[in-house]
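**Student:** My questions will all concern the structure given below.
There are 2 protein chains.
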Amino acid sequence: MTEVVRAPDRHRGPTLKDVARLAGVSVATASKALNGRSEVHPETRQRVIDVAERISFTPNTLARSLLVGQTGTVGLLTNDLEGRFSLPILMGAEDAFGTGKMSVLLCDARGDAIREQYHLRALLGRRVDGLIVVGSSTDPRPSLGQELPIPVVYAYAPSADPRDASLVPDNVAGGRQIVDHLVATGRSRIAHVSGDSAYAAARERAQGVTEALAGAGLPLIGGQTFYGSWTEAWGRSATHALLDQHPDIDALVCGSDQVARGALEVLRERGVKVPQQIAVTGFDNWEVLSADSRPPLTTVDMGLEALGRLAAERLFAAMDGRPTAGEERLPCRVVVRGSTDAGL
Amino acid sequence: MTEVVRAPDRHRGPTLKDVARLAGVSVATASKALNGRSEVHPETRQRVIDVAERISFTPNTLARSLLVGQTGTVGLLTNDLEGRFSLPILMGAEDAFGTGKMSVLLCDARGDAIREQYHLRALLGRRVDGLIVVGSSTDPRPSLGQELPIPVVYAYAPSADPRDASLVPDNVAGGRQIVDHLVATGRSRIAHVSGDSAYAAARERAQGVTEALAGAGLPLIGGQTFYGSWTEAWGRSATHALLDQHPDIDALVCGSDQVARGALEVLRERGVKVPQQIAVTGFDNWEVLSADSRPPLTTVDMGLEALGRLAAERLFAAMDGRPTAGEERLPCRVVVRGSTDAGL
DNA sequence: AAACGCTCCGAAAACGGTTTCGGCGAAGTT
DNA sequence: AACTTCGCCGAAACCGTTTTCGGAGCGTTT
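As given, the protein sequences belong to chains A and B, one line each in that order.
Heads up: the first sequence begins at 1 in my numbering, then just goes up one per residue.
Heads up: the second sequence begins at 1 in my numbering, then just goes up one per residue.
Okay, here's the thing in structure tokens:
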């Protein structure tokens with residue numbers, strides 16, 4: 001009559017029952033001994049611990065989760081694993097979680113809503129305690145809905161629904177900060193070459209640039225932001241055109257480090273000294289591009305790891321019954337290098 | 001007498017019991033209905049399905065896992081989440097898994113053995129069905145040991161223990177391939193500037209370069225591989241030195257795309273035409289560096305996503321009772337761009 | 001009318017832990 | 001000597017699901 005159900009092949013490791021049997025106690029006592037509860041004689045406890053160690057007993061987290069209703073796992077739903085934005089966020093989150101005893105279940109939806117829905121169900125089925133959704137651009141994305149049984153935090157790409165909690169870098173402030181830096185170091189004839197205007201990030205940064213210039217009473221040389229694509233090639237051609245029409249600029253704000261690299265190359269080619277004649281700035285602080293160029297690029301760091309950590313903290317708070325809502329904008333940081341400061 | 005144990009606060013979602021009650025059947029029947037088993041009347045089945053849909057029932061995977069002894073989860077233990085090598089591998093693995101119903105539990109040990117051990121225990125406790133360990137360089141790393149209850153596959157960084165299954169890119173062949181390409185396109189005076197010689201990758205690639213040159217009966221100009229660091233700065237200074245001493249080279253094989261970018265910049269500065277006078281090659285096919293340079297870089301792609309996919313497949317095979325062992329070297333692929341072919 | 005086969009359903013065991021609560025000695029109290 | 005107190009331990013419920021196996025109901029055959 002016993003053993004009606006039996007997984008046929010699978011080798012299972014030692015269980016608490018085995019520990020209990022070998023230590024000559026009940027499973028209840030074994031459990032209490034291993035979990036440091038008080039109602040166990042020290043000697044008995046040691047015996048249990050020794051046995052557990054000896055047979056290398058590893059408690060089955062699943063069983064515990066099933067009972068207590070929490071898994072100690074969070075889902076990380078990303079939309080571009082290859083992108084350079086998800087990664088630091090993921091690291092920051094892993095960091096914040098790792099110190100405790102949370103694990104991260106990673107899913108990549110690749111921008112496909114169907115796949116996203118599929119992964120969502122999988123995560124829900126695995127009873128994750130919370131969810132971080134990270135997008136590939138700062139453009140708002142559809143909400144996962146308000147009906148989910150677990151808290152959700154959106155990182156980098158905010159949710160379109162203001163009832164959700166979203167964390168995004170403050171691109172507008174970033175644009176302002178970089179212009180403030182240039183103005184503070186004596187530049188006054190500033191132009192702005194950015195990337196693809198379809199990206200909210202490009203428009204937001206341009207807005208910041210415009211605001212800061214207006215605040216300083218300075219003109220935007222060229223009269224507009226020159227949008228193009230997030231490539232070195234665009235940076236090169238835009239810089240050529242700009243220099244032809246406005247040879248008197250003394251600073252060039254670029255929408256990304258890639259664009260700035262293109263600009264740097266053309267300026268060098270045309271014999272323009274950076275930063276003496278023209279200062280150049282990037283955006284993103286993508287180190288492989290910005291740290292080792294000639295001269296190294298002054299750029300804006302969006303602090304994505306901090307954003308990831310904060311996302312984890314917001315999630316913790318929500319799981320703890322203290323949810324937040326709305327879009328939270330995190331400050332950027334200007335990283336000053338040689339392209340704006342001859343001393344570096 | 002009922003409800004002795006009760007999780008106090010946690011809101012639990014609808015369970016199979018709820019579905020069964022609302023559909024007027026037993027849990028056994030409800031389970032069978034939802035899982036498409038045959039011994040259920042079509043009408044009953046539909047009723048159950050409708051109820052499940054209506055109350056948005058999500059089966060608790062944990063309970064199932066506990067019973068059948070498999071979780072449908074694999075652990076991904078990485079050592080540099082920020083590095084550019086882990087990511088494609090992770091994507092490839094996620095890809096291979098995602099099609100089925102596997103989930104990925106991600107841990108970043110950051111090169112710290114303690115943290116690695118800690119994460120390993122967490123993964124074991126969560127009863128992952130298998131483990132992929134991905135390192136940050138192709139240097140061998142210590143084995144996790146043979147005593148683990150689940151199969152392990154090492155990716156990118158091989159295990160030092162030959163009994164383990166390891167998957168690495170074939171750097172030696174990559175070095176050979178790039179030289180073969182140069183020789184085939186008419187180059188004969190070839191020099192090699194690489195990165196940090198402490199990396200196995202640098203030494204292996206150099207070995208391939210040397211072998212291929214010897215095979216073609218050609219000398220390595222300069223008489224040696226010039227090791228330095230994986231930076232543009234090193235690429236620049238090495239190229240200057242090389243041109244001063246050997247102005248007659250017609251090809252420069254670089255150990256990475258970063259080094260190649262530095263070389264490209266110096267060649268342009270010194271008025272040397274690439275590829276007409278000197279061909280330049282990189283390694284890694286890091287697109288942000290190689291695809292948009294002037295000219296675009298011919299480079300070697302290590303096929304890391306394929307490596308990740310294969311790691312997943314090897315893991316599946318092992319979980320299925322067909323383990324592999326030893327170090328498997330995966331082929332690289334030369335990506336031809338303008339820096340070696342004037343037509344591009 | 002009895003025997004049989006078939007379809008559909010439900011009781012119950014099982015997975016591996018945690019927690020509650022009652023029991024049992026031994027020591028202390030009166 | 002009887003009663004209380006206290007420390008330590010174990011039986012059993014419980015989490016949510018799957019699977020087995022017996023049984024009920026019903027139609028068909030001899």
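For glycine and all other residues, C-beta sits at the position ideal for the given N, C-alpha and C.
#1: Starting from I190(B), trace the beta strand (DSSP E) both ways and give me its first and last residue.
#2: Is the shortest distance between the beta-carbon of L304(B) and the beta-carbons of chain A less than 8 Å?
#3: Helix, strand or coil: how does DSSP classify P169(A) here?
#4: Among Y156(A), D320(A) and P296(A), which has the Cα closest to the Cα of N285(A)?
#5: Which residue wins for smallest C-alpha separation from A206(B), given the options R45(B), V253(B) and T239(B)?
#6: Any beta carbon from chain A within less than 8 Å of S103(B)'s own beta carbon?
#7: So S103(A) is in the alpha helix (DSSP H); what residue range does that whole segment cover?
#8: Looking at the structure shown, is D301(A) part of a helix, part of a strand, or coil, going by DSSP?
#9: Can you confirm whether Q258(B), when its beta carbon is compared against all beta carbons of chain A, has any partner nearer than 8 Å?
#10: Looking at C-alpha atoms only, which residue of P14(A), L220(A) and A160(A) is the closest neighbour of G145(A)?
#11: Return the residues of the segment 12-36 of chain A that lie within a Cβ-Cβ distance of less than 8 Å from chain B, sorted by chain order.
#12: How far does the beta strand (DSSP E) with A155(A) in it reach, from first residue to last?
#13: Would you call I114(A) buried or exposed, if buried means 16 or more other Cβ atoms sit within 10 Å of its Cβ?
#14: Counting beta carbon pairs with one atom in the segment 103-113 of chain A and one in the segment 54-74 of chain A, are three or more of them shorter than 8 Å?
#15: Taking the alpha carbon of G326(A) as the point to measure from, which residue in D139(A), D164(A) and R54(A) has its own alpha carbon closest?
#16: Would you report the Cα separation of G92(A) and S290(B), rounded to the nearest angstrom?
#17: According to DSSP, which residues form a beta bridge with G130(B)?
#18: Please list, in chain order, the residues of the segment 161-179 of chain A that have any C-beta partner in chain B closer than 8 Å.
#19: Measure the alpha-carbon distance for D50(B) versus E43(B) and round it to whole angstroms.
#20: Under a three-way DSSP split, which group does G354(B) fall into?
#21: Using a Cβ-Cβ cutoff of less than 6 Å, which residues in the same chain neighbour F226(A) once the five nearest sequence positions on both sides are dropped?
#22: Between which two residues does the alpha helix (DSSP H) holding G208(A) run?
#23: Excluding five sequence neighbours on each side, which residues of the same chain lie with their C-beta closer than 6 Å to the C-beta of P14(B)?
#24: Are the C-beta of T231(B) and some C-beta of chain A separated by less than 8 Å?
#25: Please list the partners that P59(B) has in chain A, where partner means a Cβ-to-Cβ separation under 8 Å.
#26: Can you grab the Cα-Cα spacing for the pair A109(B) / E116(B), in whole Å?
#27: Report the neighbours of P295(B) on chain A: residues whose CB is nearer than 8 Å to its CB, in chain order.
#28: State the Cα-Cα distance for the pair E204(B) and S136(B), rounded to the nearest angstrom.
#29: Taking 8 Å as the CB-CB cut-off, is S65(B) touching chain A?
#30: Tell me R329(A)'s beta-bridge partners as DSSP assigns them.
#31: Starting from V266(B), trace the alpha helix (DSSP H) both ways and give me its first and last residue.
#32: Go through its chain and collect everything with a Cβ distance to H240(B)'s Cβ below 7 Å, but skip five positions before and after it.
#33: Mind listing the chain A neighbours of R314(B)? Cutoff is C-beta to C-beta under 7 Å, in chain order.
#34: State yes or no: is the beta carbon of R121(A) nearer than 8 Å to at least one beta carbon in chain B?
#35: The ligand MN and A200(A): does any heavy atom of the ligand fall closer than 7 Å to the residue's C-beta?
#36: Check whether chain B comes within 8 Å of M91(A), counting only Cβ atoms and requiring the distance to be less than that.
**Tutor:** A quick look at the data gives this:
#1: Per DSSP, I190(B) belongs to the beta strand (DSSP E) from I190 to V193.
#2: Chain A, which has no Cβ nearer than 8 Å to the Cβ of L304(B), makes this no.
#3: Here P169(A) carries a strand assignment [DSSP, helix/strand/coil].
#4: Cα-wise, what sits closest to N285(A) is P296(A).
#5: Taking the Cα of A206(B) as reference, the smallest distance to any Cα among R45(B), V253(B) and T239(B) is reached at V253(B).
#6: True, the Cβ-Cβ gap to chain A drops below 8 Å.
#7: If you look at S103(A), you'll find it isn't in any alpha helix (DSSP H); it sits in the beta strand (DSSP E) that goes S103 to D108.
#8: D301(A): strand per DSSP, three-state reduction.
#9: Answer yes: the Cβ-Cβ gap between Q258(B) and chain A drops below 8 Å somewhere.
#10: The shortest Cα separation from G145(A) among P14(A), L220(A) and A160(A) belongs to A160(A).
#11: Listed by position, the residues of the segment 12-36 of chain A near chain B (Cβ gap below 8 Å) are R12 and G13.
#12: Where A155(A) is concerned, the enclosing beta strand (DSSP E) stretches over V152 to A155.
#13: Label assigned to I114(A): exposed.
#14: Touching, yes, given that three or more Cβ pairs across the two stretches are closer than 8 Å.
#15: When each option's Cα is compared against that of G326(A), the closest is D164(A).
#16: Straight across, the Cα-Cα distance linking G92(A) with S290(B) is about 28 Å.
#17: Bridge partners of G130(B): V74(B).
#18: Residues passing the 8 Å Cβ filter: none.
#19: Going by the C-alpha atoms only, they are around 11 Å apart.
#20: One cannot answer for residue 354(B) here, as it falls past the ends of chain B, which runs 1 to 344.
#21: The residues are V193 and A238.
#22: Membership of G208(A) in the alpha helix (DSSP H) is indicated by the continuous run A200 to A216.
#23: Counting only Cβ-Cβ distances below 6 Å, and skipping sequence neighbours, we find I55 and F57.
#24: Yes, because at least one Cβ of chain A sits closer than 8 Å to the Cβ of T231(B).
#25: Neighbours of P59(B) across chain A, judged by C-beta separation under 8 Å: G125.
#26: Rounded to the nearest angstrom, the two C-alpha atoms are 5 Å apart.
#27: Chain A residues near P295(B): none, gap ~12 Å exceeds 8 Å.
#28: In this structure, the straight-line span from the alpha carbon of E204(B) to that of S136(B) is close to 16 Å.
#29: Output row for S65(B): interface = yes.
#30: For R329(A), which the question treats as bridged, DSSP gives the partners V168(A).
#31: Counting along the chain, the alpha helix (DSSP H) containing V266(B) begins and ends at D257 to E269.
#32: Counting only Cβ-Cβ distances below 7 Å, and skipping sequence neighbours, we find V266.
#33: Neighbours of R314(B) in chain A, taken as residues at a C-beta separation under 7 Å, are lacking, since the least C-beta distance is about 20 Å.
#34: Cβ-Cβ to chain B under 8 Å: yes for R121(A).
#35: Because no ligand of any kind appears in the structure shown, any question about the ligand MN cannot be addressed here.
#36: Answer yes: the Cβ-Cβ gap between M91(A) and chain B drops below 8 Å somewhere.
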